[in-house]
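Every letter in the sequence shown is one number past the one before it in the working numbering, and letter 268, counting from 1, is 295.
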Amino acid sequence: MSMTSAASSSTSSSPETACPVCGRALPSSLLPSHVSGCLGDPVNPLALAEDLKAWLEPQFDAMERAGRPVPRLQAFADVLMSYHHRASVLVHGQSSVTEREAAVDAAMDLGSVDDDEQFRLFLEREATCCLCKAVNAEAVIHLEECDHRVCRACLRGSLTSDAPYRERVQCPVAECGQSLPMFVCKAVLDASEYDALEASSLDSIVHSGAFVRCPSCKEVFAKEQGDVLTSDQDQTRALDGSVMTPEALRHRAMHRFRCKCRTDWCDLCEAVPYHNGFNCSDFKAFTMARRCRFCNAAITEANLHRDCGLQDVCSNSECKVRASDTCTKVLPCNHPCTGLRSESNCCPCLSCPSEEGTVIADEFCNICWVESLGSAPCIRLTCGHHFHHACIVKKLEKKWPGSRISFGFLLCPLCKDPISHPSLSRLLRPLIRTKKSVQDLAMQRLYLEGLQTHPDITQPGGKHFQHPEEYAMDRFAYFMCHKCKRPYFGGMRQCGDMAGRDEENFNADELLCGGCSDTTVNCDVHGKDFIEYKCRFCCQVAVWFCWGAHRNNALLRPMSS
Numbered sequence: 028m029s030m031t032s033a034a035s036s037s038t039s040s041s042p043e044t045a046c047p048v049c050g051r052a053l054p055s056s057l058l059p060s061h062v063s064g065c066l067g068d069p070v071n072p073l074a075l076a077e078d079l080k081a082w083l084e085p086q087f088d089a090m091e092r093a094g095r096p097v098p099r100l101q102a103f104a105d106v107l108m109s110y111h112h113r114a115s116v117l118v119h120g121q122s123s124v125t126e127r128e129a130a131v132d133a134a135m136d137l138g139s140v141d142d143d144e145q146f147r148l149f150l151e152r153e154a155t156c157c158l159c160k161a162v163n164a165e166a167v168i169h170l171e172e173c174d175h176r177v178c179r180a181c182l183r184g185s186l187t188s189d190a191p192y193r194e195r196v197q198c199p200v201a202e203c204g205q206s207l208p209m210f211v212c213k214a215v216l217d218a219s220e221y222d223a224l225e226a227s228s229l230d231s232i233v234h235s236g237a238f239v240r241c242p243s244c245k246e247v248f249a250k251e252q253g254d255v256l257t258s259d260q261d262q263t264r265a266l267d268g269s270v271m272t273p274e275a276l277r278h279r280a281m282h283r284f285r286c287k288c289r290t291d292w293c294d295l296c297e298a299v300p301y302h303n304g305f306n307c308s309d310f311k312a313f314t315m316a317r318r319c320r321f322c323n324a325a326i327t328e329a330n331l332h333r334d335c336g337l338q339d340v341c342s343n344s345e346c347k348v349r350a351s352d353t354c355t356k357v358l359p360c361n362h363p364c365t366g367l368r369s370e371s372n373c374c375p376c377l378s379c380p381s382e383e384g385t386v387i388a389d390e391f392c393n394i395c396w397v398e399s400l401g402s403a404p405c406i407r408l409t410c411g412h413h414f415h416h417a418c419i420v421k422k423l424e425k426k427w428p429g430s431r432i433s434f435g436f437l438l439c440p441l442c443k444d445p446i447s448h449p450s451l452s453r454l455l456r457p458l459i460r461t462k463k464s465v466q467d468l469a470m471q472r473l474y475l476e477g478l479q480t481h482p483d484i485t486q487p488g489g490k491h492f493q494h495p496e497e498y499a500m501d502r503f504a505y506f507m508c509h510k511c512k513r514p515y516f517g518g519m520r521q522c523g524d525m526a527g528r529d530e531e532n533f534n535a536d537e538l539l540c541g542g543c544s545d546t547t548v549n550c551d552v553h554g555k556d557f558i559e560y561k562c563r564f565c566c567q568v569a570v571w572f573c574w575g576a577h578r579n580n581a582l583l584r585p586m587s588s
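See the structure below:
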């Protein structure tokens with residue numbers, strides 16, 4: 028509540044009595060001195076001062092409970108205290124000033140404020156809104172910074188208007204421009220309106236240009252420009268697959284931001300994700316144009332590929348190959364099928380949102396991590412995960428990554444279930460046969476070594492509990508002979524790991540089994556399958572054959588002491 032409203036309410040609530048001489052209504056505490064003056068009796072300055080003080084003190088008590096006092100009423104109190112002091116000095120005989128002179132001095136000091144009518148006008152002025160001119164002592168708030176009086180309704184209307192934030196938090200009186208204290212705003216608005224005002228304050232800070240706000244999680248942080256890189260340093264491709272120009276790289280450094288929630292966007296047009304390779308206006312035109320379903324390039328009459336049975340395919344050679352492998356059907360949801368042309372049953376739509384609300388077609392393939400799933404023909408494995416068909420084929424054709432045979436490439440990269448799909452049957456059959464052959468050799472080796480009762484197999488909690496074939500494959504190292512294309516035993520896997528074998532740069536031509544080396548040794552019982560040769564130099568089990576000598580991988584680099 029404002030001070031003006033407190034003062035006027037206190038005045039109106041004090042009891043008033045009509046003067047029996049002149050009929051004027053006065054506060055009861057001021058009536059005795061006033062009646063004496065009307066009757067022509069000599070004025071007692073001290074009695075008058077005491078009466079005024081008795082009337083003024085309740086007014087100030089009420090104002091102090093409500094807040095700061097009205098400045099002009101404070102000035103009236105200062106004058107009254109000065110008059111009270113002089114009256115006390117006069118009455119107690121400490122000065123030769125006459126009663127009349129004291130009364131004249133008091134009248135000059137008090138001026139018009141000692142007149143009841145003038146004081147009433149003063150309080151009325153303090154209770155009048157500068158905007159709507161309504162007189163409401165309870166609702167008017169005195170804005171001390173600019174000395175304007177505005178009612179709560181006018182202030183609330185200004186604070187909740189659609190004007191910019193800076194204009195709303197200023198004094199609503201025309202051409203004033205003085206900022207409103209936040210405690211005044213909080214006193215006028217309810218909780219929801221004040222929260223909205225604070226949100227507008229945050230918006231004004233963000234729009235000032237020094238801060239940005241994540242469009243996803245609404246986090247606000249300071250804007251810092253990134254380093255402008257060259258196309259050699261930043262090999263990110265544009266949305267249409269082209270190399271980004273220096274101007275595009277500069278725009279990316281200045282206006283692309285990435286939040287800790289992994290959202291990246293443009294701070295100018297707020298596009299999510301950021302439009303690599305385009306400024307905002309070009310990106311808007313790009314989004315409105317027809318684009319190739321594979322490379323995202325804008326399609327024109329000049330580059331449209333018309334002989335593939337698909338819509339929105341450009342004439343790029345790679346896109347033509349992908350179009351020849353892609354299904355030509357349209358799904359019930361009216362999205363084009365992204366599966367293979369040879370499939371009898373179409374895979375689920377990748378363009379419709381999933382149960383989690385994400386569009387799978389926009390996600391990267393978890394094998395190549397370069398292109399989205401919608402940019403090439405995809406297959407859905409029996410485990411339910413989608414991958415580019417070409418990426419799966421390349422993964423299977425590459426087989427194991429090093430010289431030692433392993434079969435992790437036959438598992439789904441996401442869930443580790445065996446890879447299975449009708450289009451991969453021809454490719455999977457020989458690989459599965461090779462896996463079974465190696466497993467059989469490893470199990471025979473397991474029994475020959477007497478390791479079938481190893482604690483890792485027989486004891487609960489063991490790494491390969493009740494799975495001896497997994498233990499055998501993990502313990503023994505097998506290699507593929509370059510000549511006969513059959514697997515052969517090459518020692519313990521741990522030995523090869525400790526020897527520091529270079530799995531990436533091995534020479535497959537040097538991997539020869541005992542039967543394909545320059546020897547005619549043969550076992551009458553097992554043939555050549557279990558014949559092992561010692562390394563000519565270190566006497567360990569030989570793994571490869573070169574220049575007429577059997578060698579072990581430990582000799583590829585110096586052995587440590």
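The C-beta atom is built at its ideal place from N, Cα and C for all residues, glycine as well. Owing to the predicted nature of the structure, the values given are computational and were not obtained by experimental measurement.
Endpoints, beta strand (DSSP E) assigned at residue i
| i | result |
| --- | --- |
| MET271 | From DSSP, MET271 is part of no beta strand (DSSP E); its letter is neither H nor E. |
| LEU170 | 167-170 |
| ASP291 | 291-293 |
| PHE533 | Here PHE533 belongs to no beta strand (DSSP E), and DSSP marks it neither H nor E. |
| PHE284 | 283-285 |
Delimiting residues of the alpha helix (DSSP H) encompassing residue i
| i | result |
| --- | --- |
| PHE310 | 307-315 |
| TYR498 | 495-502 |
| CYS181 | 179-186 |
| ARG193 | 192-195 |
| ILE484 | 482-485 |
Rounded distance between the beta-carbons of residue j and residue i, thought under 8 Å
| i | j | result |
| --- | --- | --- |
| ALA350 | CYS335 | 4 Å |
| GLY411 | THR365 | So it is not a contact: roughly 15 Å between Cβ atoms. |
| CYS198 | GLY204 | 7 Å |
| ILE419 | LEU451 | 7 Å |
| PHE516 | PHE503 | 6 Å |
| CYS439 | ILE446 | 6 Å |
Beta-ladder partner(s) of residue i, from DSSP
| i | result |
| --- | --- |
| ARG520 | For ARG520, which the question treats as bridged, DSSP gives no partner whatsoever. |
| PHE506 | ARG431, TYR515 |
| CYS341 | LEU331 |
| PHE414 | ILE406 |
| HIS175 | LEU170 |
| VAL162 | THR155 |
| ALA325 | ARG318 |
Proximal residues to residue i (C-beta, below 8 Å), its chain only, five neighbours per side dropped
| i | result |
| --- | --- |
| VAL357 | PRO363, CYS364 |
| ASN323 | LEU266, ASP267, GLY268, SER402 |
| LYS347 | HIS332, CYS335, VAL340 |
| MET470 | PRO495, GLU496, ALA499 |
| ARG264 | VAL270, MET271, ASN303, GLY304 |
| GLN338 | ARG320, PRO363 |
| GLU398 | PHE391, CYS392, HIS415 |
Same chain, Cβ closer than 6 Å to residue i, neighbours up to 5 away in sequence not counted
| i | result |
| --- | --- |
| CYS307 | LEU295, CYS296 |
| ARG179 | ALA166, VAL215 |
| VAL239 | LYS250, PHE284, ASP294 |
| ASP529 | Since pLDDT at ASP529 reaches only 48, below the 50 mark, its modelled position is unreliable, and the value read off the structure follows with that caveat. Correct list: empty, nothing qualifies. |
| GLU202 | none |
| SER243 | CYS288, THR290 |
| CYS379 | CYS360 |
| CYS589 | Nothing can be reported for residue 589: it is not among the residues displayed for the chain, which extend from 28 to 588. |
| ARG407 | CYS374, HIS413 |
| ALA275 | GLY304 |
| PHE310 | HIS302 |
Sequence-distant residues of its chain with Cβ nearer than 7 Å to residue i (five each side left out)
| i | result |
| --- | --- |
| LEU224 | LEU186, CYS212, LEU216 |
| GLY489 | PRO482, ASP483 |
| CYS508 | TYR515, LEU538, LEU539, CYS540, CYS543 |
| LYS228 | Inspection of the sequence shows that residue 228 is occupied by Ser rather than by Lys. Cβ neighbours of SER228 beyond the five flanking positions: TYR192. |
| VAL387 | Strictly speaking, residue 387 in this sequence is Ile, with Val absent from that position. These residues qualify, in order along the chain: LEU377, SER381, LEU400, HIS413. |
Residue i beta carbon near the ligand MN (any heavy atom closer than 7 Å)
| i | result |
| --- | --- |
| SER378 | This structure lacks the ligand MN, and indeed carries no ligand of any kind. |
| request: Please specify which runs of the alpha helix (DSSP H), each continuous and at least 4 residues long, are wholly inside the segment 200-272, giving them in chain order. | output: Runs of the alpha helix (DSSP H) spanning 4 or more residues and lying entirely within the segment 200-272 occur at 209-215, 218-232, in chain order.
| said: Extract the residue ranges of the beta strand (DSSP E) inside the segment 346-412, only unbroken runs of 3 or more that lie entirely within it. | reply: Along the segment 346-412, the beta strand (DSSP E) occurs as fully enclosed runs of 3 or more residues at 405-407, listed in sequence order.
| said: Going residue by residue through the segment 425-476, where are the continuous alpha helix (DSSP H) segments of at least 4 residues, counting only ones entirely within it? | reply: With a minimum length of 4 residues, the continuous alpha helix (DSSP H) runs that stay inside the segment 425-476 are 452-476.
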